[in-house]
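One structure is given below, encoded as structure tokens.
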Amino acid sequence: MTVLVFGQTGQVARELAARGGVRCLGRDAADLSDPGACAAAIREAAPRAVINAAAYTGVDKAEEEEALANVVNGDAPGAMAAECAALGIPLVHISTDYVFDGSGAAPWRPEDATGPLGAYGRTKLAGERAVTGAGGGHVVLRTSWVVSAHGSNFVKTMLRLGRERDALRIVADQVGGPTPARAIAAACLEIAGQLARDPGKSGVHHFAGTPDVSWAGFAREIFAKAGIACDVADIPSADYPTPAQRPLNSRLDCTGLETVFGITRPDWRAGLRDILKDLGEIA
Ligand SMILES: NC(=O)C1=CN([C@@H]2O[C@H](COP(=O)(O)OP(=O)(O)OC[C@H]3O[C@@H](n4cnc5c(N)ncnc54)[C@H](OP(=O)(O)O)[C@@H]3O)[C@@H](O)[C@H]2O)C=CC1
Ligand SMILES: Cc1cn([C@H]2C[C@H](O)[C@@H](COP(=O)(O)OP(=O)(O)O[C@H]3O[C@@H](C)C(=O)[C@@H](O)[C@H]3O)O2)c(=O)[nH]c1=O
Ligand SMILES: [Mg+2]
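If you count the sequence shown from 1, position 118 lands on 118 in full-length UniProt numbering, and the numbers rise without skipping.
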């Protein structure tokens, strides 16, 4: 009996695989556009816990493909949760800061009112509701600004663009916590273990890297640590138009996760150093 992971190529899934003790299902083994196939994969594997690390994560593209995103991010997690509840095993489901509207400057608490600004956030919220409503042991873990040496993320985009250009204009009015995928993987496994022993710990929790920073501030730190000479100009979101609107305030209050599970916020600056080492950028 092992821990079953949905996702294989994604940032968090790859870090889960690297830790071992899990079985990762790629799109070929379980396509989330077919929720029934996800439930069947759980029945067949009979694991001791399930972690869903797969999702439709294209924030702008989801505006055009909301129906598909809703099946992948909403219906499939619901089917996973129903199957887990029937089998009496816990589900750890990853969600996002984009379920919030980004108003104010206070860190969002898990119980705060949601209000997604775009299709991605709406479909992720549908998944949260399906998981919490299924009646089984679960944790919905909202995280933000995921970064790693794998896949596509802001660190890798900045390393590429920073070398191509002398200067970049980066939004400075969106603030949040960059979160290393490696830390998310560790947190998910710890939560799954504790939930298997005590399903009473079920609930919605936040987990984000510290300290909070703007995308522009994050970019500056990436260039400083990687030794890339690229000037960063602060711009407002209005000057960087995108199909989907992003929340301005993505700060997440992570105190509940520490109280219930003993898991603290990772320092993204240390995580960034590890990522740059893994990429061969620094020694
Ligand atoms: N990336 C981020 O900044 C953030 C992510 N999150 C959440 O964290 C979780 C993990 O994200 P992350 O690791 O960054 O994801 P990635 O964007 O790195 O990868 C997405 C994963 O989902 C898989 N996937 C997408 N569609 C399907 C499908 N129809 N069937 C099967 N698999 C599919 C992809 O597989 P394939 O390679 O085959 O496409 C890939 O493995 C997700 O729930 C996401 O919403 C939360 C906050 C921030
Ligand atoms: C490349 C570039 C981006 N930006 C801005 C756009 C955006 O507001 C911000 C980050 O860009 P990204 O494309 O990484 O943003 P995005 O894909 O929206 O990242 C989000 O992904 C989903 C899956 C989540 O769940 C969120 O937590 C968050 O990580 O940087 C600039 O201002 N200048 C630039 O040159
Ligand atoms: Mg992106």
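Note that the Cβ used here is the ideal one computed from N, Cα and C, for glycine as well.
DSSP state of residue i mapped onto helix, strand, coil
{"i": "C230", "result": "coil"}
{"i": "I263", "result": "coil"}
{"i": "F154", "result": "helix"}
{"i": "G176", "result": "strand"}
{"i": "R169", "result": "strand"}
{"i": "V204", "result": "strand"}
{"i": "A106", "result": "coil"}
{"i": "V59", "result": "coil"}
{"i": "R23", "result": "strand"}
{"i": "I282", "result": "coil"}
{"i": "T255", "result": "helix"}
{"i": "F218", "result": "helix"}
Residue span of the alpha helix (DSSP H) that contains residue i, given as start and end
{"i": "R182", "result": "A181 to R197"}
{"i": "R142", "result": "Premise fails: R142 lies in the beta strand (DSSP E), H138 to T143, not in any alpha helix (DSSP H)."}
{"i": "I42", "result": "P35 to A45"}
{"i": "G14", "result": "Here residue 14 is Arg; the residue named in the question, Gly, does not match the sequence. Looking at the DSSP string, the run of the alpha helix (DSSP H) that includes R14 is Q11 to R19."}
{"i": "V131", "result": "A119 to T132"}
{"i": "R269", "result": "W268 to D278"}
{"i": "L248", "result": "No alpha helix (DSSP H) contains L248, which DSSP labels as neither H nor E."}
Rounded C-alpha distance that separates residue i from residue j
{"i": "G7", "j": "G20", "result": "14 Å"}
{"i": "L91", "j": "V131", "result": "8 Å"}
{"i": "P77", "j": "A270", "result": "32 Å"}
{"i": "K225", "j": "A238", "result": "28 Å"}
{"i": "V71", "j": "A79", "result": "10 Å"}
{"i": "A185", "j": "A17", "result": "9 Å"}
{"i": "A69", "j": "A62", "result": "6 Å"}
{"i": "G280", "j": "A244", "result": "33 Å"}
{"i": "R165", "j": "Y120", "result": "30 Å"}
First and last residue of the uninterrupted beta strand (DSSP E) at residue i
{"i": "L87", "result": "No beta strand (DSSP E) holds L87; the alpha helix (DSSP H) holding it covers A76 to L87."}
{"i": "N52", "result": "A49 to N52"}
{"i": "L32", "result": "Neither: L32 is in no beta strand (DSSP E) and is coded neither H nor E."}
{"i": "L91", "result": "L91 to T96"}
Closer than 8 Å is the cut-off here; do at least three beta carbon pairs connect the stretch 243 to 257 with the stretch 148 to 165?
no
Below 8 Å, can you find three or more Cβ-Cβ pairs linking the stretch 44 to 59 to the stretch 92 to 110?
yes
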